[in-house]
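K.L.:
By numbering that gives the first Met the number 0, the letter at position 31 of the sequence shown is numbered 30, and the numbering carries on one by one without gaps.
Okay, handing you the structure first.
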Amino acid sequence: MRQPAGRACAWLAFLIAGAIALNFSQPIFAQAMGAPPTFDSGTTSGFMDALSAPAAQGIDFSNFNIETFDPNATAPSLAENSLITNPAGQAQRQGVFQAFKQKTTWLPTDDLGFFDLEFEPIFAFPSPMPGSYFVITPGFGWHFVNGPAVPDMPAKLFDLYLDWRWPIVFSPGFTLDTGITPGLYSDFENSDDDAFRLGARVAGVWQYSPTLQIVAGIAYLDRVDVDWLPIGGIIYTPNPDVLVELMSPKAKIARRIYTANGCEQWVYLGGEFGGGSWSIQRASGRQDIASYYDLRLYTGFEGKLPTGTSWYVETGFVFNRNLEYRSSTPDFSPDSTAMFRLGFVL
Numbered sequence: 000m001r002q003p004a005g006r007a008c009a010w011l012a013f014l015i016a017g018a019i020a021l022n023f024s025q026p027i028f029a030q031a032m033g034a035p036p037t038f039d040s041g042t043t044s045g046f047m048d049a050l051s052a053p054a055a056q057g058i059d060f061s062n063f064n065i066e067t068f069d070p071n072a073t074a075p076s077l078a079e080n081s082l083i084t085n086p087a088g089q090a091q092r093q094g095v096f097q098a099f100k101q102k103t104t105w106l107p108t109d110d111l112g113f114f115d116l117e118f119e120p121i122f123a124f125p126s127p128m129p130g131s132y133f134v135i136t137p138g139f140g141w142h143f144v145n146g147p148a149v150p151d152m153p154a155k156l157f158d159l160y161l162d163w164r165w166p167i168v169f170s171p172g173f174t175l176d177t178g179i180t181p182g183l184y185s186d187f188e189n190s191d192d193d194a195f196r197l198g199a200r201v202a203g204v205w206q207y208s209p210t211l212q213i214v215a216g217i218a219y220l221d222r223v224d225v226d227w228l229p230i231g232g233i234i235y236t237p238n239p240d241v242l243v244e245l246m247s248p249k250a251k252i253a254r255r256i257y258t259a260n261g262c263e264q265w266v267y268l269g270g271e272f273g274g275g276s277w278s279i280q281r282a283s284g285r286q287d288i289a290s291y292y293d294l295r296l297y298t299g300f301e302g303k304l305p306t307g308t309s310w311y312v313e314t315g316f317v318f319n320r321n322l323e324y325r326s327s328t329p330d331f332s333p334d335s336t337a338m339f340r341l342g343f344v345l
């Protein structure tokens, strides 16, 4: 069952983080970091003037980072890009619109297969606090389900959400990443309060050395099967060609194999926690909540262009799969299967 106390705690954690940031964060730290986009008001006089500035031209996006994000299974993965620096200079757009992301994932099996289409435009705005910014990501996921007949699952599932991210720089060595993600997760056959979920997260990132970052935090998923998920680990970059991200809930070890004229090619090994939770209508007409989770290991290839455009292909193995319902329906454990994924960032 849902835990109202957990939702309240998630809200409380987010509000406390915001209050601390507003009281103690200093603009000089953000300037010293040179990491998150900062807003120089120039001739503007305040927050509303900043928003009305043409194309938000006062924001410096030269070190802006875009992370892979799965609202159903995890918080945004801090492992995808370093929060402190972005040496590759990806996503250097001077304006509110930062990127458009699309990801297609296929689990080809008859007992419980998925074909997932996910879309995310990403926007950035100045925040009321000097030296900070908001990242706003509306997202849509469309999941085609293949089986099982017993227990029954709808043929289509949907995610519709709006993620608000607020990274806050306290000092040159410490950044606090906070966010909330209200969303609807359902087959949309009937209106149902259980379709709404409110995720929240908070994670601290310590720059231990020029090559090592330490991350610790927690994400509240507001799911029936998995309410809380730890965020933590290390991000190690011994040189520009190697990236080691021993993180939860998503890890990756990457090696750059080619670079010329701002173009890059990477190969990598990764692992992640996958799945989701949706309010559904059963074949009998009864409302229920179906929750699915799995573990994924994969290998991938990624190409990056100096404009910030990138694409990647992944193939892997999915195991430890489980489907459960809020009702008394017995759990179902599908067989392990393969995974194929294709994605791009424009």
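We put the beta carbon where it would ideally sit given N, CA and C, even for glycine.
Source: prediction; values computed, not measured.
#1: From what residue to what residue does the beta strand (DSSP E) around Ser-276 run?
#2: Can you have a look at Leu-345 and say buried or exposed, based on whether 16 or more other CB atoms are within 10 angstroms of its CB?
#3: Per DSSP, Tyr-395 is paired with what?
#4: Three Cβ pairs or more, each shorter than 8 Å: is that satisfied between the segment 179 to 196 and the segment 280 to 290?
#5: Give me whichever residues DSSP pairs with Pro-237 in a beta bridge.
#6: Against chain C, does Phe-318 count as a neighbour if the rule is that its beta carbon must be under 8 Å from one of theirs?
#7: Determine which residues share a DSSP beta bridge with Arg-222 and list them.
#8: Taking buried to mean at least 16 other C-beta atoms within 10 Å of its own C-beta, is Ala-202 buried or exposed?
#9: Can you tell me which residues form a DSSP beta bridge with Pro-229?
#10: Indicate whether Phe-316 and Ala-337 have their beta-carbon atoms separated by less than 8 Å.
#11: Any contact of the segment 250 to 263 with the segment 160 to 170, i.e. 3+ C-beta pairs under 8 Å?
#12: Give the straight-line distance between the Cα atoms of Phe-96 and Glu-117, rounded to the nearest whole angstrom.
#13: Please state whether the Cβ-Cβ distance between Asp-109 and Gly-146 is less than 8 Å.
#14: Got a sec, what are the start and stop residues for the beta strand (DSSP E) Thr-180 sits in?
#15: My parser needs the beta strand (DSSP E) runs of 3 or more residues fully inside the segment 110 to 153; what are they?
#16: Since Ser-332 contacts Arg-320 with CB under 8 Å, what's their CB separation in whole angstroms?
P.N.:
Taking the definition as stated:
#1: 262 to 280
#2: exposed
#3: Nothing in the structure corresponds to residue 395, since the chain is present only between 0 and 345.
#4: yes
#5: Per DSSP, none; premise fails for Pro-237.
#6: In the structure shown, chain C does not exist; there is a single protein chain.
#7: Answer by DSSP bridge pairing: none, since Arg-222 is not bridged.
#8: buried
#9: Ile-217
#10: yes
#11: no
#12: 18 Å
#13: yes
#14: 173 to 185
#15: 112 to 125, 132 to 145
#16: 6 Å
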